[in-house]
Each structure stands twice: as structure tokens, then as C-alpha cells.
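Trainee: Just so you know, we're using the UniProt record's numbering here: the sequence shown kicks off at 1 and counts up by one.
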Amino acid sequence: MLITIDVTSPVPVFEQLREQIAAQIMLGALPVGERLPPIRQLASDLALSPGTVARSYAALEAAGMIVTMRGQGTRVAPRDRVVDADLHSAADAYLQAGRKSGLGLNELIALLRARHR
Numbered sequence: 001m002l003i004t005i006d007v008t009s010p011v012p013v014f015e016q017l018r019e020q021i022a023a024q025i026m027l028g029a030l031p032v033g034e035r036l037p038p039i040r041q042l043a044s045d046l047a048l049s050p051g052t053v054a055r056s057y058a059a060l061e062a063a064g065m066i067v068t069m070r071g072q073g074t075r076v077a078p079r080d081r082v083v084d085a086d087l088h089s090a091a092d093a094y095l096q097a098g099r100k101s102g103l104g105l106n107e108l109i110a111l112l113r114a115r116h117r
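This is how it looks when you write it as C-alpha cells:
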């Protein structure tokens with residue numbers, strides 16, 4: 001699992017973490033049943049507080065993207081939605097247009113959020 005946190009971003013750290021894990025789940029990089037790192041381990045790996053990671057995991061669990069079971073850890077939940085090839089192509093085009101305009105990933109995400117509301 002590849003996670004990059006930008007401490008200079010206006011997006012809260014827990015939200016950056018939540019978004020990146022959610023994206024990896026939706027794109028299949030984290031397949032159904034994949035075990036996520038324990039909260040303390042991921043917090044240590046990313047130099048974050050365990051509370052920040054726990055908050056991200058809680059939001060993902062509330063969204064039905066992950067499940068936590070005692071003794072089995074936190075895993076990617078089965079999902080009904082599959083991202084089709086057209087959506088992948090649209091995402092690629094959006095990223096390419098953003099790079100051409102000099103925008104970073106967090107800026108592109110912020111733009112999508114603004115348009116979504």
C-alpha cells in the first residue's frame with residue numbers, strides 16, 4: 001500500500017489517508033480481503049498519530065469499504081461497485097490535463113470536491 005501525506009496541503013491528514021486508501025480499493029490495488037496494516041503500524045510507518053489513522057479507518061468502515069473483525073484485523077470489504085474502463089480513462093485524462101496545467105494531485109482532488117457540491 002503506497003500512501004503519500006502532504007503536510008502542506010489544506011486537506012486534513014486523516015482525509016488524505018482516507019482518500020488514498022479508498023482510491024486503492026476502488027481501483028483494485030487493494031483487493032477484497034486484503035489485510036490492511038494495524039493502526040499503530042501504519043501510524044508509525046507514516047509518522048502519524050494512531051488517532052489519525054483510526055479516524056481514517058473509521059470513515060472507511062462507515063463507508064463500507066473496510067471491515068474490522070476481532071482476531072482477523074482490518075480487511076478490504078467485498079464491494080458491489082466496480083470501476084469500469086471508461087471511468088479509468090476519464091480519470092487518466094483528468095490527471096493528464098491537471099499535470100499539463102501544473103496542478104498537483106491534492107489540487108485536483110480539491111477541484112473535484114468543489115465541483116461535487
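Even glycine gets a Cβ: it sits at the ideal position worked out from N, Cα and C. The structure displayed is predicted, hence computed values, not measured ones.
#1: Could you pull the start and end residues of the alpha helix (DSSP H) that residue 102 belongs to?
#2: Quick one, are the C-beta atoms of residue 74 and residue 46 less than 8 Å apart?
#3: Measuring only the C-alpha atoms, how far is residue 95 from residue 105?
#4: In chain order, what residues of the same chain lie with their CB nearer than 8 Å to the CB of residue 108, ignoring the 5 residues before and after it?
#5: Quick one: complete beta strand (DSSP E) runs, 3+ long, within the UniProt domain "HTH gntR-type" (11-79)?
#6: Taking Cβ positions, are residue 56 and residue 14 nearer each other than 8 Å?
#7: Let me confirm a value: residue 76 is counted as buried when at least 16 other C-beta atoms fall within 10 Å, else exposed. Which label applies?
#8: Three-state secondary structure (DSSP) at residue 117?
#9: Quick check on this structure: which residue in 52, 66, 20 has the alpha carbon closest to the alpha carbon of residue 33?
Mentor: Answer, in terms of the structure:
#1: Segment: none, residue 102 is in no alpha helix (DSSP H) and carries neither H nor E.
#2: Against a cut-off of 8 Å, the Cβ pair of residue 46 and residue 74 comes out as no contact.
#3: 8 Å
#4: 94, 95, 98
#5: For the UniProt domain "HTH gntR-type" (11-79), whole beta strand (DSSP E) runs of length 3 or above, ordered along the chain, are 66-69, 73-76.
#6: Taking 8 Å as the cut-off, the Cβ atoms of residue 56 and residue 14 count as close.
#7: buried
#8: coil
#9: 66
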